[in-house]
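Keeping their order, the protein sequence lines are chains C and G. Sequential numbering of the first sequence, starting at 21, is according to the numbering used here. Sequential numbering of the second sequence, starting at 3, is according to the numbering used here. Glycine is no exception: its CB is placed at the ideal position from the N, C-alpha and C atoms. To start, the structure itself, in structure tokens.
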Amino acid sequence: MKAPPGPFRPGFWRSPLRGPWLTTVLGTLLLCGVTVVAITGFLSHAAYEPGIGHNGIVDPARDLPLGIGWPAAPAWLYGLTQGLHVNVGLVTVPLLLAKLWSVIPRLFAWPPVASAAQAIERASIALLVSSGVFEFATGVINAQNYYAFHFRFVVAHYYGAVVFVASLAVHIVVKLPVMVRAYRERGVLGPLREDLAATRPEPPDPDGLVARAPAAPTITRRGLLGFVGAGSGLLLLANVGESIGGPLRPLSLLAPRSGDPGPGPNGFQVNKTAKVAGIRPEMTGDGYRLVLRSGDRELRLTRAELLALEQRTEELPIACVEGWTTTQHWTGVPLTSLADAVGAAGAGELLVESLQASGTFRQVTLTRTQFGNERALLALKVNGADLSIDHGFPARVIVPALPGVHNTKWVAAITFKGTT
Amino acid sequence: MSRFRRRYGASPLHALAHLAAFALAGFALLQLVDARDAGNVLVWFIGAVVLHDFVLLPFYSGLDRAAQAIGGRVPAVNHLRVPAGFSALLLLVYFPLILGLSTPKLERVSGAPAGDYLGRWLLITGALCAGSGALYVVRSRRAAAKRPPGTSAATRRASS
Numbered sequence: 021m022k023a024p025p026g027p028f029r030p031g032f033w034r035s036p037l038r039g040p041w042l043t044t045v046l047g048t049l050l051l052c053g054v055t056v057v058a059i060t061g062f063l064s065h066a067a068y069e070p071g072i073g074h075n076g077i078v079d080p081a082r083d084l085p086l087g088i089g090w091p092a093a094p095a096w097l098y099g100l101t102q103g104l105h106v107n108v109g110l111v112t113v114p115l116l117l118a119k120l121w122s123v124i125p126r127l128f129a130w131p132p133v134a135s136a137a138q139a140i141e142r143a144s145i146a147l148l149v150s151s152g153v154f155e156f157a158t159g160v161i162n163a164q165n166y167y168a169f170h171f172r173f174v175v176a177h178y179y180g181a182v183v184f185v186a187s188l189a190v191h192i193v194v195k196l197p198v199m200v201r202a203y204r205e206r207g208v209l210g211p212l213r214e215d216l217a218a219t220r221p222e223p224p225d226p227d228g229l230v231a232r233a234p235a236a237p238t239i240t241r242r243g244l245l246g247f248v249g250a251g252s253g254l255l256l257l258a259n260v261g262e263s264i265g266g267p268l269r270p271l272s273l274l275a276p277r278s279g280d281p282g283p284g285p286n287g288f289q290v291n292k293t294a295k296v297a298g299i300r301p302e303m304t305g306d307g308y309r310l311v312l313r314s315g316d317r318e319l320r321l322t323r324a325e326l327l328a329l330e331q332r333t334e335e336l337p338i339a340c341v342e343g344w345t346t347t348q349h350w351t352g353v354p355l356t357s358l359a360d361a362v363g364a365a366g367a368g369e370l371l372v373e374s375l376q377a378s379g380t381f382r383q384v385t386l387t388r389t390q391f392g393n394e395r396a397l398l399a400l401k402v403n404g405a406d407l408s409i410d411h412g413f414p415a416r417v418i419v420p421a422l423p424g425v426h427n428t429k430w431v432a433a434i435t436f437k438g439t440t
Numbered sequence: 003m004s005r006f007r008r009r010y011g012a013s014p015l016h017a018l019a020h021l022a023a024f025a026l027a028g029f030a031l032l033q034l035v036d037a038r039d040a041g042n043v044l045v046w047f048i049g050a051v052v053l054h055d056f057v058l059l060p061f062y063s064g065l066d067r068a069a070q071a072i073g074g075r076v077p078a079v080n081h082l083r084v085p086a087g088f089s090a091l092l093l094l095v096y097f098p099l100i101l102g103l104s105t106p107k108l109e110r111v112s113g114a115p116a117g118d119y120l121g122r123w124l125l126i127t128g129a130l131c132a133g134s135g136a137l138y139v140v141r142s143r144r145a146a147a148k149r150p151p152g153t154s155a156a157t158r159r160a161s162s
């Protein structure tokens, strides 16, 4: 059967750079990137401790057994893993685009299916490419708070990642011999030494990546890889400042959280304002009492009474799942002191409830490791001043290495449960 | 060649690896089918890759082919490709902010004014184009200085 005209014809694809070696190099770099992104993504899932309380956004009964007992030290751990997830993800975007460009003739292979093995392989590649593009697209727009989709981001991004990892694993198994052969025949770096005059198409390959009627080269292979790498660097520079702060923060011109949060001790990034969370000033006024519970015991403390307890000051980050981090000096009561106050020194879990009437994170359950860390606070002040209402006045939780949204603001009640 | 390989087209390992992957992917897809707005997930799963393979890639390939048709003292195409590619890459990744699609939401939840992303993107694009243009002028002058006068651009391209 003759191939239909256009991209199905072997002569349609003209680039002299396409070939097994180029795809192998791009694939190797892409694999490094997505490995970091996938591992840090699953680590983030584990950091939310989805198996306890109502923490699970993905139904725990349907979840994979990936819990690892997320630690509470070092304090910057979640900022590091999630900063890597988002920033390496961005760096990987140009690699994904270049990799897909390098193999696009395969999409139009003719005949479309030559054997059962090829049919099954094409099905797995359809899953791989669609889940890969889906993961990058949803992750990138979610970090910009662009909710163009109706599904729950966390659920779809999580299971989409499982599809991606499964189809990627089998793709590696199938393509490893092709990659090894490409590196053996052409060398790992050999073609990078060629200037434009020496840039020639690779020898014809059985997969049809190499153009049958190549055009004259307009760029070297090292030029193409440099172009892709510089694109990665540009994306990194445009964003990474909101993850690591310091002098890079003003350079991150396109980072979603680059808006000026204002001056003063409370002048740092707010994830969600009191107004958006439905917190009204009267809820945090003189009538405010923090409820502490353990079994039948219940204590109700005013903010003045909380301030009269022994205070501790810690420099701790808030690290958001969206990849931005801000480190501040927090002052408040250690959560372990509150456990002692209600006779719950041996509690195994801690349920924090917010004044917020609704929202996924109006309640959070912390593990013993998390709330038992000596630096874990119910913070009342930040940088020496009372918390602003947008930062959680009258009191908020701040725990080292905890995902940002689990540091509950406007804390209404703390309930100690279970035993260690 | 074994009978299996003759009939299937690859080794049994190929089949087993794919079946294992399909089982795990099938598990994940089943969870998505039961999740809220499963139809919307499917639309995005297929839509994203269709947009890439049949809109984005043909679009930039077409532009690139058009750019290759432009000649000059030194090959101009890379001086167009690089700034245009970087600018398009930034737009592709940051379009919700640049086009103001998510900035109202971001301002509302963060309580801070969103940056002027469109302005910044235009400035970055302008700087990239200006830098590439300046480099092109320098390279063209150098190329002209090296060549004996009277050689036409076309013959130089043919000989390169």
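Bridge partner(s) assigned by DSSP for residue i
i              : result
I418 (chain C) : C:L397
A339 (chain C) : C:T345 and C:P423
R434 (chain C) : Arg is not the amino acid found at residue 434 (chain C); the sequence shown has Ile there. According to DSSP, I434 (chain C) bridges with C:L312 and C:V372.
L386 (chain C) : C:L370
D406 (chain C) : C:K401
R320 (chain C) : C:V311
T99 (chain C)  : In the sequence under discussion, the amino acid at residue 99 (chain C) is Gly, which differs from the Thr named in the question. For G99 (chain C), which the question treats as bridged, DSSP gives no partner whatsoever.
V353 (chain C) : C:L398
T293 (chain C) : Paired residues: none, contrary to the question.
R126 (chain C) : Paired residue(s): none; R126 (chain C) is not in a bridge.
T333 (chain C) : C:T351
Closer than 8 angstroms to chain C by CB, residue i
i              : result
A37 (chain G)  : yes
A19 (chain G)  : yes
L82 (chain G)  : no
L59 (chain G)  : yes
A156 (chain G) : Low confidence applies here, because A156 (chain G) scores a pLDDT of 47, under 50, leaving its location unreliable; read the following figure in that light. A156 (chain G) does not count as touching chain C.
F47 (chain G)  : yes
R110 (chain G) : yes
A114 (chain G) : yes
S161 (chain G) : With a pLDDT of 40 at S161 (chain G), under the threshold of 50, the predicted position of this residue should be treated as unreliable, though the coordinate-derived value follows. No, its Cβ sits nowhere closer than 8 angstroms to a Cβ of chain C.
L137 (chain G) : no
G64 (chain G)  : no
S104 (chain G) : yes
Top-ranked residue by Cα proximity to residue i, from the options
i              : options                           : result
F156 (chain C) : C:L370, C:A217 and C:V108         : C:V108
A176 (chain C) : C:R220, C:N259, C:L310 and C:G159 : C:G159
R149 (chain G) : G:L82, G:V76 and G:S112           : G:V76
R38 (chain C)  : C:P132, C:T238, C:R416 and C:I192 : C:T238
A297 (chain C) : C:A118, C:K429 and C:R395         : C:K429
R126 (chain C) : C:S135, C:A218, C:G228 and C:L400 : C:G228
L327 (chain C) : C:K401, C:V111 and C:V185         : C:K401
H411 (chain C) : C:T389, C:T304, C:L312 and C:E330 : C:T304
L273 (chain C) : C:P281, C:I264, C:L321 and C:L255 : C:L255
W121 (chain C) : G:A23, G:L59, G:A114 and G:T105   : G:L59
A142 (chain G) : G:L99, G:A114, G:A78 and G:L108   : Position check: residue 142 (chain G) holds Ser in this sequence, whereas Ala was assumed. The shortest Cα separation from S142 (chain G) among G:L99, G:A114, G:A78 and G:L108 belongs to G:A78.
G320 (chain C) : C:K292, C:L244, C:L329 and C:Y308 : Here residue 320 (chain C) turns out to be Arg, not Gly, going by the sequence shown. Nearest option by C-alpha distance: C:Y308.
Q348 (chain C) : C:G287, C:E394 and C:E369         : C:G287
P30 (chain C)  : C:W130, C:Q102 and C:I88          : C:W130
A114 (chain G) : C:A137, C:A365, C:P276 and C:V78  : C:P276
A71 (chain G)  : C:S374, C:V113 and C:A235         : C:A235
T127 (chain G) : G:G117, G:R83 and G:A147          : G:R83
A12 (chain G)  : C:A168, C:I72 and C:A139          : C:A139
A202 (chain C) : C:H191, C:P223, C:R213 and C:V193 : C:P223
L92 (chain G)  : C:A405, C:L86, C:V248 and C:P414  : C:V248
T385 (chain C) : C:A415, C:K22 and C:G73           : C:G73
Short CB-CB distance (under 8 angstroms) between residue i and chain G
i              : result
K119 (chain C) : no
V123 (chain C) : no
L147 (chain C) : yes
N427 (chain C) : no
L273 (chain C) : yes
Y68 (chain C)  : no
K292 (chain C) : yes
P114 (chain C) : yes
Whole-Å CB distance - residue i paired with residue j, under 8 angstroms assumed
i              : j              : result
P423 (chain C) : V341 (chain C) : 6 angstroms
L358 (chain C) : I434 (chain C) : 6 angstroms
P40 (chain C)  : A231 (chain C) : Going by Cβ atoms, the distance from P40 (chain C) to A231 (chain C) rounds to 13 angstroms, so no, they are not a contact pair.
V106 (chain C) : A163 (chain C) : 6 angstroms
Where residue i meets chain A, residues with beta-carbon distance less than 7 angstroms
i              : result
S187 (chain C) : The structure shown has no chain A; the protein chains it does contain are C and G.
- Message: In chain order, what are the residue ranges of uninterrupted alpha helix (DSSP H) at least 4 long that sit wholly in the segment 57-129 of chain G?
- Response: 59-70, 79-100 and 105-112
- Message: At 3 residues or longer, what runs of the beta strand (DSSP E) sit wholly inside the segment 185-220 of chain C?
- Response: none
- Task: Only counting runs of 3 or more residues, tell me where the beta strand (DSSP E) segments fall wholly within the segment 246-296 of chain C, in order along the chain.
- Result: none
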